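Protein chains in written order, with the numbering used here: chain E, 238 to 570; chain Y, 238 to 570.
The beta carbon of each residue, even a glycine, is placed where N, CA and C say it ideally should be.
All values reported here derive from a predicted model rather than from experimental measurement.
Take a look at the structure below.
Protein chains: 2
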Amino acid sequence: MIAVVALNPALDVTHHVDGVDWAGVNRPARVRAVPGGKGLNVARTLHALGAEVLLLGLAGGPTGTAIRAGLAANGVPAAFTEIAADTRRTFVVVDTRGGEVAAFYEPGEAVTADELGRFVAAYGEALPRCAAVVLSGSLPPGLPAGTYADLTALATAAGIPVVLDTSGEALLRGAAAGPAIVKPNLTELAAVTQLTPAASLPPARGLAAASGHRLRWPDDRAGVLAAARWLRGLGPRAVVVTLGADGLLAVTGDGTWHAAGEPVAGNPTGAGDAVAAGLANALTQRQSWPERLRHAAALGSATTAATVAGEFATADYQRALASVRVCQLEGPR
Amino acid sequence: MIAVVALNPALDVTHHVDGVDWAGVNRPARVRAVPGGKGLNVARTLHALGAEVLLLGLAGGPTGTAIRAGLAANGVPAAFTEIAADTRRTFVVVDTRGGEVAAFYEPGEAVTADELGRFVAAYGEALPRCAAVVLSGSLPPGLPAGTYADLTALATAAGIPVVLDTSGEALLRGAAAGPAIVKPNLTELAAVTQLTPAASLPPARGLAAASGHRLRWPDDRAGVLAAARWLRGLGPRAVVVTLGADGLLAVTGDGTWHAAGEPVAGNPTGAGDAVAAGLANALTQRQSWPERLRHAAALGSATTAATVAGEFATADYQRALASVRVCQLEGPR
């Protein structure tokens, strides 16, 4: 079983309006409310791949109930720890005439230490049945930045590989706890180099700063590689950087690879979550790095081609799988 | 007890954003989710006035649960009939820098005939305890336009006065069922004159058509009076037209009055609902028309001065009460 942890899920509400009046009253022609957030996308992708998955996380109030009901309707097994606060919403308005999209992400209410304690107990109970763990998304207000580090340490102590997909301080601290894979995108990778790791770990001297805290692929291959190597030096066994339409870069103990398929038109929302799902899935199947990356990159492409985050068409996946080129950039280091 | 019927309530979600990107991602600084819809505003106003009130209506799904919880937190007694569909939301985005406000009103999902039947049974059970009934707001999809007419007929047959505040075909048919008061605004009054009443009732020949289906006060007093008189001729004992900042016009069997307070700065959302609440409240206290109108107009003003629909400050109400001028335009006809 693969456990996917979603500590900050959301109910994603989308309004489709034919010609939005951004300063007036609108009556949406179509309304969609589905469970959302990165962890939920990961779990849906794993479920669609036929993997045994269990979604763990925090949910509360009527919006938490809506999330549970939506996942049950999709057949995704979930066991959320109940919290007092109402789970947050995201609200997206799509102008089906003009094409504009406005998004409003609620921050969510604070989670208490007691609620986190109950979650950690549930997580600890689930671990013995897990072949891998995915920790995905932002932390809700109220939780310490070391929360993912603690969850990573619990899993790795039990010999269970962790895929960590988060950003900022939570990524920095989580990386130091020794996950199997951390999976930042270029923006997250550049941002984490600007943070100061614990005194016992190497600081990211000069990384990304030269390019104004931004990293670009393929214009600044050396900078991206240096940042990924530095991040790997903090503790994770591998760093997989999602490069958008340019695929994936994996810096591992076995070597460094770049994997990319044909460019795909569509909606890239959730493509990174599909990559995280693909990596976790591959970890449980003991595939080699080139196989893992081909699988993960193809899932990212197929998800981009689909209209809804966390969904993909099998035909798109099969087509992408055939088109992905995996190049080894460096051998083991 | 006053029963307030809200067949199409909503969870009103408001996002406050400091400088909205209408084509990008926003993180609201403040989020507010409260039970909303016209009937709920009426019930809150009556509750604040100290009247014994019972809110009846339809609610379902997690959003229905959120509405029930919000009303319970406000201490407003409610007994909603459970429906299968999730209750609708409204989304309002307020740009606290630029001042723009964009609103998105979900239509709601269809209500079944069986669910309406269960509601009517609950309504019938509550009627013997009622001194007045307020029927307020739009009908949800799936309900016949004659629904308010049926509910009005049940109450009037039991000798209970009804205040009907709706629009379009539901107003036209409801008016013919003999409520004590119908309470359109100018837009609703002009629109209803364009509909064709049942063959036994007088058609609105030429009304509002002269002004292009619009009615204005005080520019077109004669047109507004003629339309209100025609509407009264369909069946209601009185027509009270809300004129925005210009107050109220009441066409009754006892005479015709105009009531208006000092102009008030603020948010007019919900002011009409406060007027409906004031009229129902006054009906149960057997006040004269001038007293009723003074009370209702003052509630409308005080609600405009408040920031939240359905709320008002007692000091604003007392101040408005002293400032309202009630003029009799015509004697009994």
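Closest by C-alpha distance to residue i, when choosing among the options
i: V331 (chain Y); options: E:T282, E:W259, E:R264; result: E:W259
i: A369 (chain Y); options: Y:A513, Y:P398, Y:G383, Y:R326; result: Y:P398
i: L558 (chain E); options: E:C564, E:A539, E:E567; result: E:A539
i: G335 (chain Y); options: Y:P314, Y:A363, Y:P377, Y:D255; result: Y:D255
i: T430 (chain Y); options: Y:T489, Y:P440, Y:V338; result: Y:P440
i: A482 (chain E); options: E:T302, E:V545, E:A502, E:E567; result: E:A502
i: W467 (chain E); options: E:P421, E:N504, E:P377; result: E:P421
i: R269 (chain Y); options: E:R326, E:P265, E:G261, E:I239; result: E:R326
i: V313 (chain E); options: E:A386, E:L283, E:T300; result: E:L283
i: A533 (chain Y); options: Y:E567, Y:L480, Y:P265; result: Y:L480
i: G492 (chain Y); options: Y:V476, Y:N504, Y:A322; result: Y:V476
i: G374 (chain E); options: E:V419, E:G396, E:R366; result: E:V419
i: V488 (chain E); options: E:L438, E:N504, E:L426, E:T544; result: E:L426
i: N504 (chain E); options: E:L520, E:P473, E:T544, E:L486; result: E:T544
i: D553 (chain Y); options: Y:R562, Y:A542, Y:V563, Y:V561; result: Y:A542
i: H253 (chain E); options: Y:A240, Y:Y342, Y:T389, Y:T302; result: Y:Y342
i: A435 (chain Y); options: Y:Q522, Y:G449, Y:R410, Y:L566; result: Y:R410
i: A243 (chain Y); options: Y:G443, Y:L380, Y:G274, Y:T300; result: Y:G274
i: M238 (chain E); options: E:G509, E:R366, E:A392; result: E:R366
i: P299 (chain Y); options: Y:G509, Y:R469, Y:T324, Y:L566; result: Y:T324
i: A390 (chain E); options: E:L372, E:L376, E:P377; result: E:L372
i: V257 (chain Y); options: Y:W494, Y:V338, Y:L566, Y:R523; result: Y:V338
Cross-chain neighbours of residue i in chain Y, by beta carbon under 7 Å
i: E337 (chain E); result: W259, A260
i: V268 (chain E); result: E343
i: A508 (chain E); result: Within 7 Å Cβ-Cβ: nothing; A508 (chain E) doesn't reach chain Y, min ~16 Å.
Proximity below 9 Å, CB of residue i to CB of residue j
i: L295 (chain E); j: N245 (chain E); result: yes
i: R281 (chain Y); j: E548 (chain Y); result: yes
i: A382 (chain Y); j: A407 (chain Y); result: yes
i: L291 (chain E); j: P272 (chain E); result: no
i: A459 (chain E); j: V279 (chain E); result: no
i: V400 (chain Y); j: A513 (chain Y); result: yes
i: A412 (chain Y); j: G472 (chain Y); result: yes
i: L536 (chain Y); j: L286 (chain Y); result: yes
i: L423 (chain E); j: V478 (chain E); result: yes
i: G354 (chain Y); j: I320 (chain Y); result: no
i: Y360 (chain E); j: L462 (chain E); result: no
i: A340 (chain Y); j: V357 (chain Y); result: no
i: A240 (chain Y); j: L364 (chain Y); result: yes
i: A465 (chain E); j: R562 (chain E); result: no
i: P378 (chain E); j: P416 (chain E); result: no
i: G490 (chain Y); j: R474 (chain Y); result: yes
i: D402 (chain E); j: G509 (chain E); result: yes
Chain-ordered neighbours of residue i on chain Y, where CB pairs are closer than 8 Å
i: A303 (chain E); result: G298, P299, T300, D323
Contact list for residue i against chain E, beta-carbon separation under 8 Å
i: P265 (chain Y); result: F341, Y342, E343, P344
i: R451 (chain Y); result: By Cβ distance, chain E contributes nothing, its closest Cβ being about 18 Å from R451 (chain Y), past 8 Å.
Cross-chain neighbours of residue i in chain E, by beta carbon under 9 Å
i: H252 (chain Y); result: F328, F341, E343
i: A571 (chain Y); result: Because chain Y in this structure spans residues 238 to 570, residue 571 (chain Y) falls outside the shown range and cannot be described.
i: A519 (chain Y); result: Near A519 (chain Y) there are no residues of chain E at all, since even the closest Cβ is about 31 Å away, more than 9 Å.
i: A347 (chain Y); result: The premise fails here: A347 (chain Y) is roughly 13 Å from chain E at the closest Cβ pair, so nothing lies under 9 Å.
Where residue i meets chain C, residues with beta-carbon distance less than 7 Å
i: A310 (chain E); result: Looking at the structure shown, chain C is missing, and the protein chains on hand are E and Y.
Chain Y contact residues for residue i, given Cβ-Cβ distances below 9 Å
i: A407 (chain E); result: Near A407 (chain E) there are no residues of chain Y at all, since even the closest Cβ is about 17 Å away, more than 9 Å.
i: A315 (chain E); result: Correct list: empty, because the minimum Cβ distance to chain Y is about 15 Å.
Chain E contact residues for residue i, given Cβ-Cβ distances below 7 Å
i: A395 (chain Y); result: In chain order: nothing, as chain E lies at least about 35 Å away.
Any non-hydrogen atom of the ligand ZN within 8 Å of residue i CB
i: R334 (chain E); result: In the structure on display, the ligand ZN does not appear, and there are no ligands present to speak of.
Exercise. Does the region 451-460 of chain E come close enough to the region 524-541 of chain E that 3 or more CB-CB pairs lie under 8 Å?
Worked result: Verdict: no, contact absent.
Exercise. Do the region 304-311 of chain Y and the region 402-417 of chain Y meet, that is, are 3 or more Cβ pairs less than 8 Å apart?
Worked result: No: the two stretches stay apart, fewer than three of their Cβ pairs being nearer than 8 Å.
Exercise. At which residue ranges does the region 312-381 of chain E contain complete beta strand (DSSP E) runs of 3 or more residues, listed in the order of the chain?
Worked result: Those beta strand (DSSP E) runs which fall completely within the region 312-381 of chain E and span 3+ residues are 315-320, 325-332, 338-342, 369-373.
Exercise. What alpha helix (DSSP H) runs, 4 residues minimum, are completely inside the region 390-457 of chain Y?
Worked result: Counting only runs of 4 or more, we get 405-413, 423-429.
Exercise. What runs of the beta strand (DSSP E), each 3 residues or longer, lie entirely inside the region 487-525 of chain Y?
Worked result: Within the region 487-525 of chain Y, the complete beta strand (DSSP E) runs of at least 3 residues are 492-497.
For this session: Could I get the ranges of all uninterrupted alpha helix (DSSP H) runs contained in the region 535-563 of chain Y, with 4 residues as the minimum, in chain order?
Result: For secondary structure counted as the alpha helix (DSSP H) over 4 or more consecutive residues, the region 535-563 of chain Y holds these complete runs in sequence order: 551-560.
Problem set entry | Whole alpha helix (DSSP H) elements within the region 453-485 of chain Y, 4-residue minimum | For the region 453-485 of chain Y, whole alpha helix (DSSP H) runs of length 4 or above, ordered along the chain, are 458-470.
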